[in-house]
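Since the structure comes first, as structure tokens, the remarks are kept for the end.
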Amino acid sequence: MTMYDPKKTKVSVLQCSLQRAIDFFDLMSKKNGLLVYYEPNNVLKTMFEIKFLQDYGNEIEASFAFIGVLGSSPEVPLLDKFLTSKDKPSVISFTYNELGELETCGSMDVTKDTLNDRKYITDFLRVVRETSNHYNDIYNKSLNSLQAKMGGQGHGMPEDPHEYDPYNNHGDLEPEDLDLRKQFSNDRRMKSSQDKAYEDALRKIQQEKETKILEDQKRQHEIKIKEEKERELSNLKAIFEKEVVAPEFAIQILLRLPSGQRIPRTFDRRSKIGHVMNYVRSLDQKGFENPNAEFSLISGYPPTALDVYKTLHDIFGNSENEMIQVREH
């Protein structure tokens, strides 16, 4: 399929969110219809969407506002009920009905075959254009009639429709006029409520996405720390499994763990207390309430924490047997 230059398309494409496109369509574009192009695969975007705009840009520009939405967009759930398949590019047409409510008036799948069927796409654009124009005509006639009735009795429409209270200041309106006025006010409230629900849904999707990212980062960090500790433990075990102590420098240390268990171990008296602490760290069962807790080595009377930089000889001299208590912090 021929590749098309996006700069040569004939339609003004909106670079904004779906909600902003609807606001633009509603307040500024002065078009009766909005076309939303759904693209599940960014690779196909150039081949399909650009060709669609290139070949049918004049018809689109004349009657519609236009926006493209990717399958990766957080707004896709808002289009789910209008899509025949999430795996196919689609064009969905929206308009405002006679009550001023946004609704769809047609959709079509975009494939290589449909793109080459000019009559099929032209007929689709004609039908949705006529439908949106029809709804717009009915809406305008109803609105003009309401304004005429209100204006004729000295009650013009308010400058800001959101400030209007349909239950006050209705003067001498006939019951059917009052009902119609209430209907339009309720329609505006409904649209405002729908817009707020949309914003809330989008905000919730973004918050859930951010929360998931943070949870994934935390999980990866915890996995990394666990793997580092396992490597460190494995290295320490290998060191003490291979350690050989010369008899003339040997000192027998009895380690008393917090659980009461006693573990004898022969060390080189020239080793530092830090070396003994590493041996304790290499133990699978330390008798700790918290397996990851810090600890000290205690000896003497009164019991004193041993300096990690001093050697066993510095503390015990030429003694052949000593006991050291392991105290969990």
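If you count by the numbering used here, then the sequence shown holds residues 838 to 1166, one letter each, in order.
Each residue gets a CB set at the ideal place from its N, CA and C atoms; glycine is no exception.
Nothing here was measured: the structure is a model prediction, and the numbers come from that model.
First and last residue of the uninterrupted beta strand (DSSP E) at residue i
{"i": "G943", "result": "939-946"}
{"i": "E1163", "result": "Here residue 1163 is Val; the residue named in the question, Glu, does not match the sequence. Its beta strand (DSSP E) spans residues 1158-1165."}
{"i": "F919", "result": "That residue, F919, is in no beta strand (DSSP E); it is neither H nor E in DSSP."}
{"i": "F931", "result": "927-933"}
C-alpha distance - residue i paired with residue j, whole-angstrom precision
{"i": "I1076", "j": "Q1098", "result": "23 Å"}
{"i": "F1125", "j": "S1096", "result": "7 Å"}
{"i": "K1147", "j": "I1110", "result": "6 Å"}
{"i": "I1042", "j": "E876", "result": "20 Å"}
{"i": "I1191", "j": "D1053", "result": "No information on residue 1191 is available, as it lies outside the stretch 838 to 1166 that the chain covers here."}
{"i": "V928", "j": "E912", "result": "15 Å"}
{"i": "E1157", "j": "A1083", "result": "13 Å"}
{"i": "E967", "j": "I1050", "result": "46 Å"}
{"i": "K1123", "j": "E1078", "result": "18 Å"}
{"i": "I1100", "j": "E1045", "result": "51 Å"}
{"i": "H992", "j": "V873", "result": "A caution first: H992 carries a pLDDT of 42, below 50, which makes its placement in the model unreliable, though a value can still be read off. For H992 and V873, the distance between alpha carbons rounds to 39 Å."}
{"i": "T932", "j": "F885", "result": "24 Å"}
{"i": "E1036", "j": "L920", "result": "21 Å"}
{"i": "N1115", "j": "Q1089", "result": "16 Å"}
{"i": "T951", "j": "F901", "result": "20 Å"}
{"i": "L871", "j": "T1048", "result": "33 Å"}
{"i": "K949", "j": "H971", "result": "31 Å"}
Sequence-distant residues of its chain with Cβ nearer than 6 Å to residue i (five each side left out)
{"i": "N973", "result": "N869"}
{"i": "D1189", "result": "Absent from the model: residue 1189. The displayed extent of the chain is 838 to 1166, so no value can be given."}
{"i": "D997", "result": "With a pLDDT of only 43 at D997, under 50, the local geometry of the prediction cannot be trusted, and no value is derived from it."}
Local conformation of residue i per DSSP, three classes
{"i": "L952", "result": "helix"}
{"i": "Q1122", "result": "coil"}
{"i": "R1107", "result": "coil"}
{"i": "G894", "result": "helix"}
{"i": "V1145", "result": "coil"}
{"i": "V906", "result": "strand"}
{"i": "V873", "result": "strand"}
{"i": "P1095", "result": "coil"}
{"i": "P1084", "result": "helix"}
Beta-ladder partner(s) of residue i, from DSSP
{"i": "S1133", "result": "R1164"}
{"i": "A1038", "result": "Its beta-bridge partners do not exist; DSSP assigns none."}
Bounding residues of the alpha helix (DSSP H) (the contiguous stretch that carries residue i)
{"i": "R1149", "result": "Note on identity: in this sequence residue 1149 is Leu, with Arg being the wrong assignment. Counting along the chain, the alpha helix (DSSP H) containing L1149 begins and ends at 1149-1153."}
Residue i: CB within 7 Å of a non-hydrogen atom of the ligand COA
{"i": "N869", "result": "Of ligands this structure carries none, so the ligand COA is not represented either."}
Contact with chain D by residue i, beta-carbon distance below 8 Å
{"i": "N953", "result": "The chain inventory of the structure shown lacks chain D, comprising one protein chain alone."}
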